[in-house]
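Reviewing the structure listed below.
Number of protein chains: 4
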Amino acid sequence: MIIILRDSAKDEQVDELIDRLNKLDVKANLVEGVHQRIITLIGDTTKIDMDSVQAMEIVEQVKRVQEPYKKANRRFHPDDTVIDVKGRKLGGGTLNIIAGPCSVETEEQLITTAVAVKEAGATMLRGGAFKPRTSPYAFQGLGAEGIRLLIEARKITGLPIVTEIMDLKDIDLFADVDVIQVGARNMQNFTLLKELGHCDKPILLKRGLSSTLQELLMSAEYIMAGGNEKVILCERGIRTFEPKTRNTLDLSAVPLLKYHSHLPVVIDPSHATGIAALVEPMSLAAVASGCDALEIEVHRDPKNAWSDGAQSLTPEAFSKTMEKIKALAEFCGRPVDKN
Amino acid sequence: MIIILRDSAKDEQVDELIDRLNKLDVKANLVEGVHQRIITLIGDTTKIDMDSVQAMEIVEQVKRVQEPYKKANRRFHPDDTVIDVKGRKLGGGTLNIIAGPCSVETEEQLITTAVAVKEAGATMLRGGAFKPRTSPYAFQGLGAEGIRLLIEARKITGLPIVTEIMDLKDIDLFADVDVIQVGARNMQNFTLLKELGHCDKPILLKRGLSSTLQELLMSAEYIMAGGNEKVILCERGIRTFEPKTRNTLDLSAVPLLKYHSHLPVVIDPSHATGIAALVEPMSLAAVASGCDALEIEVHRDPKNAWSDGAQSLTPEAFSKTMEKIKALAEFCGRPVDKN
Amino acid sequence: MIIILRDSAKDEQVDELIDRLNKLDVKANLVEGVHQRIITLIGDTTKIDMDSVQAMEIVEQVKRVQEPYKKANRRFHPDDTVIDVKGRKLGGGTLNIIAGPCSVETEEQLITTAVAVKEAGATMLRGGAFKPRTSPYAFQGLGAEGIRLLIEARKITGLPIVTEIMDLKDIDLFADVDVIQVGARNMQNFTLLKELGHCDKPILLKRGLSSTLQELLMSAEYIMAGGNEKVILCERGIRTFEPKTRNTLDLSAVPLLKYHSHLPVVIDPSHATGIAALVEPMSLAAVASGCDALEIEVHRDPKNAWSDGAQSLTPEAFSKTMEKIKALAEFCGRPVDKN
Amino acid sequence: MIIILRDSAKDEQVDELIDRLNKLDVKANLVEGVHQRIITLIGDTTKIDMDSVQAMEIVEQVKRVQEPYKKANRRFHPDDTVIDVKGRKLGGGTLNIIAGPCSVETEEQLITTAVAVKEAGATMLRGGAFKPRTSPYAFQGLGAEGIRLLIEARKITGLPIVTEIMDLKDIDLFADVDVIQVGARNMQNFTLLKELGHCDKPILLKRGLSSTLQELLMSAEYIMAGGNEKVILCERGIRTFEPKTRNTLDLSAVPLLKYHSHLPVVIDPSHATGIAALVEPMSLAAVASGCDALEIEVHRDPKNAWSDGAQSLTPEAFSKTMEKIKALAEFCGRPVDKN
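Residue numbers (this note's numbering), protein chains in the order written: chain A, -13 to 325; chain B, -13 to 325; chain C, -13 to 325; chain D, -13 to 325.
Take a look at the structure:
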C-alpha cells in the first residue's frame, strides 16, 4: 500500500501516522522527495481499511499494491484448481459445455432439450428454476418443481445439473443439485456468498454487470473464506454504452483471471450478447482465448420461450455450433470433456 | 411496442404473427414501406415478452414504446406521492436530511453522532447495522445489536431511523425501524424486493451501480406490485470510466425520475463521490436540482471509522454544510423539514 | 511514480533498473517487503514514459503519483486564472452565461436570437459556423459566412462571440472571434491543440465523451505548453449506459477541476442532457456546485432548428430560466456578469 | 422512424405534423391506441433530423428504425467488399497481419523490426510517423522523416505500409503510403474524413474509445459519401470501468459489423488491452470470431520503446504468436495472406 501525503502535512502528523501504521503488523517507510512525500507499507495489508487512511486530512491518496484476496490468488496457489463435477474436470485442461434452457418450463420442454444437448455433446445441463426477472409481471420460474424436473432430466441423460440460487432461504432445495449458480445480480449478495462458503458444492459465480475482475475475485474470496474452495468464475458480459448487444463480452477476462487466479473460468456468450446469431462466433472466440467452459442457452422453440428467447439457440443450431466447438477445442489441445 | 420485420419475412409468416399478437389483447397493425415493414402494437403490452418476439426469425428488432411499469408511473398517478416518516414528509415539498455514520460501531459513537446531526438540523438518522463489504475480511456490521443501538439513538434524539437490510432472513429485526434501506447491490435482489412489498414500512431503494433509471423504477414496481407503495428512490452514483471519484453522481436522475414517476427522490452525495470534500458542493447542486432528500455520512472521527471514512464528514463539517443547505433549501422554496 | 516488481525479479535486474532510473534526474528507492518489492521514484517524473517501464519483464505494475500536467496544475499555480473576454471575467467570481443557437442558420435567425439572449441577461453569444455532425447527410454549418454573421450579431448586441473550430486550416477565419471553442470530438486532436497554443485567444475546451478529467487537463496542458494560458474547461456530459439522456452530466467535475487546476470551468447542460426540459434544473445545479459559466443552446424555433432542436430552449423559456439562474447566482455570491 | 406522441397532443397539432412529414417524401401513418398514439414514417428517412422532430412539444419520443447509413450498409450492398493492398486481399477470405512498431524511431529500429515481422509472416507493416500522445511532453513522432523510413522499409521487405494521419494539412506526405490509418481520437474528425473521401487509398478507420458501432459506420459513410469506398473498419477496445486493461476489447464487433456492413474488419489487440501478455490470446480469439485482419505492435526492445512499450511484443514473441495464428487461421479456413 502506498500513501501519498498532502503538501500541507506537518512532520509530527506524519510521524504519528507512521507510528500508528507500524503497530498494525506492517512496515511503514517514509520516502521524501522534492514535490511529494509518500509512505510505503509492506506486509499483510489485507486488513487495513483504505478508506480510513484516506480520511486523514494529511493524506492525498492511497493506492493498493497487493491484491486484497488470498485464497483466490494465484500468487499463493500457483497450481490450477480442478473441480470435479461427476467426472467432468473443470479447469483440468478439457472444455466443458453447460447447455440448456434459460428457464425450466415444463417436463416435456426440459427433457426434450436435455436429450438434445446431450446428443450434441454438452457435458452438463443448465436450467433456471428461480429466475431473476426485471419485471414483476414476467414469469418468475417454477421454483422447487423446476429443480425436481432438472433432477429428472439428470436421471435420463446422466448430465450433471447447474441451476441458480436467488436467496439463501431456498438452499435446502439445492441439496441434490451438482453446481449452484450465483447470478450476476447476486454477485455481491454477501450474505448469500458467506452461506455458500459453508456448503461443499461447486459454485458457479457470475460477474456482475458492472463489476471489476477484482470485485469478482473478492466475491470468490467470500465463498472460499468460508471453507468452500470450489468456485468457478464466469464472465457473462459487462454494461457499456454500446446498444447493439445486451452487454459487452469482455474476453480479456479469460487470460486475466487465469493470470491472477487459479480458479476455472467459464464464458456465457448467450447472456453476454443477447443475440442468438452471436453465440457461435463468440463461443469459438472464447475457446480460442483459453476458457475452461462455455454456458449456452438452448431452447427447443425460442420464440415460445418463457424467458430470454432472443438469445437461445434451437437444438439444431446448437448441434451445428457444437460441431465447430468440438473441432476447435480439439485443435486447441483442450478437447470437449466426456458427456 | 414496435416490431421491425426482416426483409426476408414472407407474407404468410407476417400474417401468422399478427394473428398471434391479436390474441394477446393488443391491437397489431402492419405498416408497409419501401425498404421496411413494421408492426405496431397498441394496448397493454406490459405482459408481452420482448425476447420471445425478438427470437422469431422474421423479426429484425423490437422496440418498446410504453414503459413497462405502472404503479411507479406518473402517467397513471399524476400526483406526487408523499411519504410520512414520523411527521417528516418525503416528497411533500420540504427537504429531508438523512445523516449519520456509515456503520454503527459503538453506543458512544452512534449517540454522539446522532446528537450532533440532530443539533445541526438533520431530520432522520442513518446507520448501518448490516454492512455489504467487498472484502470478507472487512468489518461486517454489528447486526441485531446495531439495530438496538439505533433504536436507542432514536429515543434520545427523536430522529426516525433508516437502516439497510441485506437479506430477508433478518426482516424481523427491522420491525421497529422507520425506513428500510435496500442497497445498490441488492437493487435487483428480486426475492427481497417481493418480500418488502408485503410490509408496510417505507423502503429507501438505491439505484444499482450500473442500473438504468428504468430498471430502478422496475425494482420499485416489484415492491409496489406486492402492495407497499411507500417507495423512496435514491441515486447514489453510477459506475463510469472516471477514476477520480468512486462513482459518477447522475443528477439528471432527479428531474427525470420526477418526470417519469411520482415517488420521492433522494440523493446520496457521500457514496456517489467517495470524497468528503465533494459532499458539500454536490449536496447544494442536488438541492438546486429539486431533490426531496439528501443522505449524508457523518462520523465523529472519520480516520478511525470502521468503514467508508474517506467520504464521511466530521460533525463540525456537517454542521457548516447544513447551514448552507438550509439557506439554499429555503431560497429554493423547499425548506428543510422539522427535526 | 511507484514501480511494483514481480516476485521473479532478480537482484541484479533490480539494481540495473535502479541505476537506469537514477540517470533520469529522479531519485529511485527500493523498498523491500515480505511479499513484494517496490521502487519509489521521486522528482520530476513528467517525462518518464510509464509504458516503457511497464514493458520490462521484471515489472508487475507502474503507478503514477504526481499528476503529469504542470501549467494547468493548481499545485504550481495556486491562484485562480481569470480570463477577460471583452470585460467579462471568466473565473473571477462572477457567473457568465454563453447562450445562442447550436448552428448559425440565417442572419435573421441569429440576430433575433442574439438580441433575445442579450435581453434575457446572457453575457456572451454562442453559435456554430462549423458543425461536427455524425451524418454526412446532415447540415454541416455555414462556415465563413456563419462567422461573418456572428460578428454582425456582436456589432448589434455587444456580446462577445464563442464559436467552434473544427480544423486548423480554418484558423484565419477565427481572427476576429472572441473565444475559440474546441468540441468534445476534437479534445484529443493534438495537432489542433498545439496550433491553438500559439494564438492569443481564450480557448473553450470541451471534455471528450469518454475522457477522464486528467485527460482534459492534459489537453489543456497541450495548449498551455505552446504559450497560450487562456484555457476554459468545459464539462458537457460523458457517455454511460443510461439511455434516457444523451450523455450523463458529471457535475463532480466542477469541484474536482477547481481542486486540481486553476482554470475556469463551464458547464453545458444542453449537450450533457440532450433534453430541453432538463436544462433548467441542471443549470441551477451547476450554479450551486460552483461553476464559472454556463453554455446554453437557445433557438427561436427549436422544431425547425437545423441541428440539436431537441435540447434548445425557446427565447421565452430561456428568459424564464435566466430569472432563476440570476437569482440563484446572486444568492450563491457569484452574480451573473455584466452583459 | 417512429414518433411517439404525448398524451396532451391535440388532434389539429397531430394533423399538422403529419401534413408536414408527408411533404418530406416519406409516408406518415397515425396509429391510435388506448394509452398512446404513434406516427410511423416509411420511406427514406436518412435526411429527417430526429432532433427537430423531438423538439416539438407534442412529441414524447422519436425512434429510428432504418439505419442512417447507406453506402456502408450491407442491406444495399450484400457482397463483401474486398480491398486490394498490393496483392493482399482484405475482406477476401484470408487473414492479414499488420505488424510493426507503435512509433517509427530510427532507421535501424524500423528496418530490423520490419524484416523480423516479414520473416514471421506479417503481410503489412505498420509504424507511426505522427503520434497522438496524451502528453505534450511525450515523443510526438518523426513526421515526414518517419514516412520516408517506412517507404525505405517497404523497399527492403516488400510489405505494404500502414501509417496514421493526424491532420489533413499533412495529406501530401501520404501520397506514397499504401493504407492511411485514422486513429480512434480522430474517428469523428469529420473534416479529415471528408477529405479522405476524395483520395483513392484504402482508409483504416479505428473505432473511437466510446463510439458505438453505428457511429463507426457513420464515420465510414462520411468517407464513402465522398467517393472513396475502400474503408477498413477497426475495433481497438472501448472504454469501460474495468481498470486491469487499458480498454475492453469488444469482439462482438466482428460479427456485428459483418452483419450490418460489407466492409472488412480488423482487430487491434495491442491497443485494446495495453498488455503484451494478452496479445496472443486475444489475437487467437479474434481469428476464431472471423476477423479479416489483425494489427499487432512489435518492437525490437519494448522497454526502450519511445511509446506504448507495455503492449508491444518482441520479434521473438511475435514469431511464436504468428505460428499459432497461422495454424488457427488455416484451421478456420481463412489462411494468412501471402507476405
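Virtual Cβ for every residue (Gly too), placed ideally from N, Cα, C.
1) Which residues does DSSP pair with Gly29 of chain C in a beta bridge?
2) In whole angstroms, what is the alpha-carbon distance linking Ile(-10) of chain D and Gln52 of chain D?
3) Considering only residues of the same chain and omitting the five flanking positions on each side of Ala102 of chain D, which have a CB-CB separation below 8 Å?
4) Within a Cβ cutoff of 6 Å, which residues of the same chain sit near Ala106 of chain D, ignoring the five residues on either side of it in sequence?
5) Give me the chain B residues within the contact set of Asp236 of chain C, using Cβ-Cβ distance strictly less than 7 Å, ordered along the chain.
6) Give the C-beta separation of Met204 of chain D and Pro54 of chain D to the nearest angstrom, bearing in mind that I take them to be a contact with Cβ-Cβ under 8 Å.
7) Among the residues of its own chain, which have a CB less than 7 Å from the CB of Ser275 of chain B, if the five just before and after it don't count?
8) In whole angstroms, give me the CA-to-CA distance for Ile362 of chain B and Gly213 of chain D.
9) Is DSSP giving Leu195 of chain B helix, strand or coil here?
10) I need the boundaries of the alpha helix (DSSP H) containing Leu96 of chain A, first residue and last residue.
11) Give the DSSP bridge partners of Gln167 of chain C, in chain order.
12) For Ser293 of chain D, decide whether its Cβ has a neighbour in chain C, counting only Cβ atoms nearer than 8 Å.
13) In whole angstroms, what is the alpha-carbon distance linking Ala206 of chain A and Lys187 of chain A?
14) Determine whether the Cβ of Asn290 of chain A lies closer than 8 Å to any Cβ atom of chain B.
15) I want to know whether the segment 106 to 119 of chain D touches the segment 145 to 153 of chain D - three or more CB-CB distances under 8 Å.
16) Would you mind sorting Lys289 of chain D into buried or exposed? The rule is 16 or more other CB atoms within 10 Å of its CB.
17) Alpha carbon to alpha carbon, how far is Leu135 of chain B from Leu280 of chain C?
18) Is the CB of Thr369 of chain B under 8 Å away from at least one CB in chain C?
19) Can you give the Cα-Cα distance for Lys13 of chain A and Leu7 of chain A, rounded to whole angstroms?
20) Note down, in chain order, every chain B residue with its Cβ under 7 Å from the Cβ of Glu207 of chain A.
21) Below 7 Å CB to CB, which residues in the same chain sit around Ile24 of chain B once its five sequence neighbours on both sides are set aside?
22) Using 8 Å as the Cβ pair cut-off and three pairs as the minimum, do the segment 67 to 79 of chain C and the segment 93 to 101 of chain C touch?
23) Kindly indicate which residue of C:Ile44, C:Gly29, C:His184 and C:Asp35 has the alpha-carbon position closest to the one of Glu(-2) of chain C.
24) Where do the ends of the beta strand (DSSP E) carrying Glu283 of chain D lie?
25) Distance, Cα to Cα, Gln47 of chain B vs Thr31 of chain D?
26) Should Leu27 of chain D be labelled buried (16 or more other beta-carbon atoms within 10 Å of its own) or exposed?
27) Less than 8 Å between the beta carbons of Ile69 of chain D and Ile218 of chain D, yes or no?
28) Residues of chain D with a CB under 9 Å from the CB of Thr26 of chain B: which are they?
29) In the structure shown, what three-state DSSP assignment does Gln47 of chain A receive?
30) Evaluate contact between the segment 79 to 95 of chain D and the segment 122 to 130 of chain D, counting only Cβ atoms and requiring at least three cross-stretch pairs below 8 Å.
31) Strictly under 8 Å for the Cβ-Cβ distance: is Pro267 of chain C near chain D by that measure?
32) Would you mind telling me which residues of chain A sit closer than 8 Å to Val148 of chain C, beta carbon to beta carbon, in chain order?
33) Identify which residue in D:Ile137, D:Pro267 and D:Ala58 has its Cα closest to the Cα of Leu299 of chain D.
34) With distances taken between CB atoms, is the gap from Ser269 of chain A to Ile282 of chain A smaller than 8 Å?
35) If you compare alpha carbons, which of B:Ala124, B:Ala41 and B:Met36 is closest to Ser38 of chain A?
36) Among B:Val168, B:Arg119, B:Cys88 and B:Thr143, whose alpha-carbon lies nearest the alpha-carbon of Gly132 of chain B?
For this structure:
1) By one-based count along the third sequence, residue 29 of chain C stands at place 43. DSSP output for Gly29 of chain C lists C:Val12 as bridge partner(s).
2) Locating residue -10 of chain D in the fourth sequence gives position 4, counting from the first residue. Locating residue 52 of chain D in the fourth sequence gives position 66, counting from the first residue. Near 16 Å, if we compare the C-alpha coordinates of Gln52 of chain D and Ile(-10) of chain D.
3) On the fourth sequence, position 116 is the one that residue 102 of chain D refers to. Taken in chain order, the residues that qualify are Val284, Arg286, Pro301, Phe304 and Ser305.
4) Counted from its first residue, the fourth sequence places residue 106 of chain D at position 120. Excluding sequence neighbours, Ala106 of chain D sits near Phe304, Ser305 and Met308.
5) Start at 1 with the first residue of the third sequence, and residue 236 of chain C comes out as number 250. The answer, in chain order, is Glu228 and Thr234.
6) Walking along the fourth sequence from the start, residue 204 of chain D turns up at place 218. Walking along the fourth sequence from the start, residue 54 of chain D turns up at place 68. Sure, about 7 Å apart at Cβ, within 8 Å.
7) In the second sequence, the residue the question calls residue 275 of chain B occupies position 289. Result list for Ser275 of chain B: Leu237, Val240 and Pro241, in chain order.
8) Absent from the model: residue 362 of chain B. The displayed extent of chain B is -13 to 325, so no value can be given.
9) Walking along the second sequence from the start, residue 195 of chain B turns up at place 209. The answer is coil: DSSP assigns Leu195 of chain B none of H, G, I, E or B.
10) Numbered from its first residue, the first sequence carries residue 96 of chain A at position 110. From DSSP, the alpha helix (DSSP H) with Leu96 of chain A extends over Glu93 to Ala106.
11) The residue given as residue 167 of chain C occupies position 181 in the third sequence. The partner list for Gln167 of chain C (beta bridge, DSSP) reads C:Glu150 and C:Leu190.
12) Position 307 of the fourth sequence, counted from the first residue, corresponds to residue 293 of chain D. By this cut-off, Ser293 of chain D is an interface position.
13) Along the first sequence, read from residue 1 onward, the residue named residue 206 of chain A stands at position 220. Along the first sequence, read from residue 1 onward, the residue named residue 187 of chain A stands at position 201. Using only the alpha carbons, I get a separation of about 14 Å.
14) Taking the first residue of the first sequence as position 1, residue 290 of chain A is located at position 304. Yes, its Cβ sits closer than 8 Å to a Cβ of chain B.
15) yes
16) As a working mapping, residue 289 of chain D is identified with position 303 in the fourth sequence. So Lys289 of chain D counts as buried.
17) The count along the second sequence starts at 1 and reaches residue 135 of chain B at position 149. The count along the third sequence starts at 1 and reaches residue 280 of chain C at position 294. Rounded to the nearest angstrom, the two C-alpha atoms are 47 Å apart.
18) For residue 369 of chain B there is no data in the structure shown, the boundaries of chain B being -13 and 325.
19) Position 27 of the first sequence, counted from the start, is the residue given in the question as residue 13 of chain A. Position 21 of the first sequence, counted from the start, is the residue given in the question as residue 7 of chain A. Rounded to whole angstroms, Lys13 of chain A to Leu7 of chain A spans 7 Å at the Cα level.
20) Taking the first residue of the first sequence as position 1, residue 207 of chain A is located at position 221. In chain order: Pro122.
21) Position 38 of the second sequence, counting from 1, holds the residue named residue 24 of chain B. If we look at Ile24 of chain B and ignore the five residues flanking it on each side, its Cβ neighbours are Ile(-12), Ile(-11), Ile(-10), Leu(-9) and Val17.
22) no
23) For the purposes of this step, residue -2 of chain C is taken as residue 12 along the third sequence, with counting starting at 1. Checked all of C:Ile44, C:Gly29, C:His184 and C:Asp35; the closest Cα to Glu(-2) of chain C is C:Ile44.
24) As a first step, residue 283 of chain D is located in the fourth sequence; it is residue number 297 there, counting from the start. It spans Ala279 to Glu283 - the beta strand (DSSP E) in which Glu283 of chain D sits, taken as one unbroken run.
25) Against the second sequence, residue 47 of chain B aligns to sequence position 61. Against the fourth sequence, residue 31 of chain D aligns to sequence position 45. Approximately 18 Å, taken between the alpha carbons.
26) As a position in the fourth sequence, residue 27 of chain D is number 41, starting the count at 1. Per the 10 Å Cβ criterion, buried.
27) Here the question's residue 69 of chain D lines up with position 83 in the fourth sequence. Here the question's residue 218 of chain D lines up with position 232 in the fourth sequence. In contact: Ile69 of chain D and Ile218 of chain D (Cβ atoms closer than 8 Å).
28) Translated into positions along the second sequence, residue 26 of chain B becomes position 40. Simply Ile(-12), Asn15, Val17, Gly19, Ile24 and Thr26.
29) In the first sequence, counting from the first residue as 1, residue 47 of chain A sits at position 61. Reduced to three states, the DSSP call for Gln47 of chain A is strand.
30) yes
31) As a position in the third sequence, residue 267 of chain C is number 281, starting the count at 1. It does not; no Cβ of chain D falls within 8 Å.
32) Position 162 of the third sequence, counted from the first residue, corresponds to residue 148 of chain C. Residues of chain A passing the Cβ test: none, with the nearest at roughly 28 Å.
33) Within the fourth sequence, the letter at position 313 stands for residue 299 of chain D. When only C-alpha atoms are compared, the closest one is D:Pro267.
34) Along the first sequence, read from residue 1 onward, the residue named residue 269 of chain A stands at position 283. Along the first sequence, read from residue 1 onward, the residue named residue 282 of chain A stands at position 296. Yes, the pair counts as a contact, with Cβ atoms nearer than the cut-off.
35) The sequence position of residue 38 of chain A within the first sequence is 52, counting from 1. With distances taken between Cα atoms, Ser38 of chain A lies closest to B:Ala124.
36) Locating residue 132 of chain B in the second sequence gives position 146, counting from the first residue. Cα-wise, what sits closest to Gly132 of chain B is B:Cys88.
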